[in-house]
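The structure under discussion appears below in the form of structure tokens.
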Amino acid sequence: MKVLVIEDDQQAASYLAKGLKEAGHVVDVANDGKEGLYLAGGEHYDVMVVDRMLPGRDGLSLVQVLRAAGNDTPVLFLSALGSVEDRVKGLKAGGDDYLTKPFAFSELLARIEVLVRRRGASQPQTKLAVADLELDLLARGVKRAGKPIELLPREFALLEYMMRNAGSVVTRTMMLENVWDYHFDPQTNVIDVHIARLRQKIDKDFPTPLIHTVRGAGYSLRAAS
Numbered sequence: 004m005k006v007l008v009i010e011d012d013q014q015a016a017s018y019l020a021k022g023l024k025e026a027g028h029v030v031d032v033a034n035d036g037k038e039g040l041y042l043a044g045g046e047h048y049d050v051m052v053v054d055r056m057l058p059g060r061d062g063l064s065l066v067q068v069l070r071a072a073g074n075d076t077p078v079l080f081l082s083a084l085g086s087v088e089d090r091v092k093g094l095k096a097g098g099d100d101y102l103t104k105p106f107a108f109s110e111l112l113a114r115i116e117v118l119v120r121r122r123g124a125s126q127p128q129t130k131l132a133v134a135d136l137e138l139d140l141l142a143r144g145v146k147r148a149g150k151p152i153e154l155l156p157r158e159f160a161l162l163e164y165m166m167r168n169a170g171s172v173v174t175r176t177m178m179l180e181n182v183w184d185y186h187f188d189p190q191t192n193v194i195d196v197h198i199a200r201l202r203q204k205i206d207k208d209f210p211t212p213l214i215h216t217v218r219g220a221g222y223s224l225r226a227a228s
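Converting from the sequence shown to this note's numbering requires adding 3 to each position, the first position being numbered 1.
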């Protein structure tokens, strides 16, 4: 996850950032409301952890501005204010959850993971990524290491299927049934031809191959052999 922590207490912010990074997440930190609003409006984050009492702009108004602008990134409020009324204000301002200080880091981590899972379940997946390879389902575009790659429609469909099954072996029969809608093996070399074309476009100009042949089984798209 990419997490934005907006917390003016630098010791608390460092504690949160350290714990989140150790859990494998990418973290940006803002120490006041104005900086937090700037970062939240200009970057994509999976979740934001926002202190209510901030200099420059308080956490409630910060989230209200983001929601009014159409930003629906999940927000977990942190606050020493723990009354029912305070929690209700946080939720009504656009927060998705509310955690009272002091708190256990394990609980905070569990809560933000739930928020991200909940959001992912409610939104259709529009982008796929494996290592530095990215596929945009809406724009019908493919990039590797930021470099655009032109694919024909069938090549795009085959790559999408392989990326959705990244790390697993996909057999020729599976690809024929799911990409070509053949429910039998017509003894065609169409799979091998298209895999060869994909390798030319996806792997040829890059140091690390992503498409691997699994002898006697099929193919696998993964970051390392």
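All C-beta atoms, glycine included, are put in the ideal place defined by N, C-alpha and C. Bear in mind that the values here come from a model prediction, so they are computed numbers and not experimental data.
Sequence-distant residues of its chain with Cβ nearer than 7 Å to alanine 20 (five each side left out):
Taking the first residue of the sequence shown as 1, we reach residue 20 at position 17. The answer, listed in chain order, is Val8, Val30, Val32.
Taking only runs that begin and end inside the segment 170–218, name each unbroken alpha helix (DSSP H) of 4 or more residues, in chain order.
Entirely contained in the segment 170–218, the alpha helix (DSSP H) runs reaching 4 residues are, in chain order, 175–178, 193–205.
Take the Cβ of phenylalanine 106 as the centre, count every other Cβ of all protein chains shown within 10 Å, and call the residue buried at 16 or more, exposed below.
For the purposes of this step, residue 106 is identified with residue 103 of the sequence shown, where counting begins at 1. Classification for phenylalanine 106: exposed.
Spatial distance of leucine 84 from threonine 129 (CA atoms)
For the purposes of this step, residue 84 is taken as residue 81 along the sequence shown, with counting starting at 1. For the purposes of this step, residue 129 is taken as residue 126 along the sequence shown, with counting starting at 1. Each residue's Cα considered, the two are about 38 Å apart.
For aspartate 139, list the residues DSSP reports as bridge partners.
Translated into positions along the sequence shown, residue 139 becomes position 136. In DSSP, aspartate 139 forms a bridge with Lys130, Gly144.
So does the segment 170–178 actually touch the segment 206–214, counting three or more Cβ pairs closer than 8 Å?
no
DSSP puts valine 221 in a beta bridge; with which residues?
What you label residue 221 is simply residue 218 of the sequence shown in a count that begins at 1. According to the sequence displayed, residue 221 carries glycine and not valine. Per DSSP, Thr174, Val217.
Excluding the 5 residues flanking alanine 226 on each side, which residues of the same chain have their C-beta closer than 6 Å to its C-beta?
What you label residue 226 is simply residue 223 of the sequence shown in a count that begins at 1. Answer for alanine 226: Ala134, listed in chain order.
Here's the rule: buried if 16 or more other CB atoms are within 10 angstroms of the residue's CB, otherwise exposed. What is valine 91?
Along the sequence shown, one-based indexing puts residue 91 at 88. By the neighbour-count rule (16 or more Cβ atoms within 10 Å), valine 91 is not buried but exposed.
Whose C-beta lies closer than 6 Å to the C-beta of arginine 223 among residues of the same chain, with five residues either side of it excluded?
Here residue 223 refers to the residue found at position 220 when the sequence shown is read from its first residue. Sequence check: residue 223 is serine here, not arginine. Counting only Cβ-Cβ distances below 6 Å, and skipping sequence neighbours, we find Val172, His215, Val217.
Nearest by alpha-carbon distance to glutamate 163: which of Arg70, Leu42, Gly144 is it?
Position 160 of the sequence shown, counted from the start, is the residue given in the question as residue 163. Shortest Cα-Cα distance from glutamate 163 to any of Arg70, Leu42, Gly144 involves Gly144.
Is the segment 69–87 touching the segment 38–57, taking contact as three or more C-beta pairs under 8 Å?
Output reads yes: the segment 38–57 touches the segment 69–87.
Can you name the residues that DSSP bridges to serine 82?
Residue 82 sits at position 79 when you count from the first residue of the sequence shown. In DSSP, serine 82 forms a bridge with Thr103.
Please tell me whether arginine 55 and glycine 44 are closer than 7 Å, where the distance is taken between their beta carbons.
Numbered from its first residue, the sequence shown carries residue 55 at position 52. Numbered from its first residue, the sequence shown carries residue 44 at position 41. No, Cβ-Cβ distance for arginine 55 and glycine 44 is not below 7 Å.
Buried/exposed call for leucine 155, threshold 16 Cβ in 10 Å:
Residue numbering aside, residue 155 sits at position 152 when the sequence shown is read from its first letter. Leucine 155 is exposed by the Cβ-count criterion.
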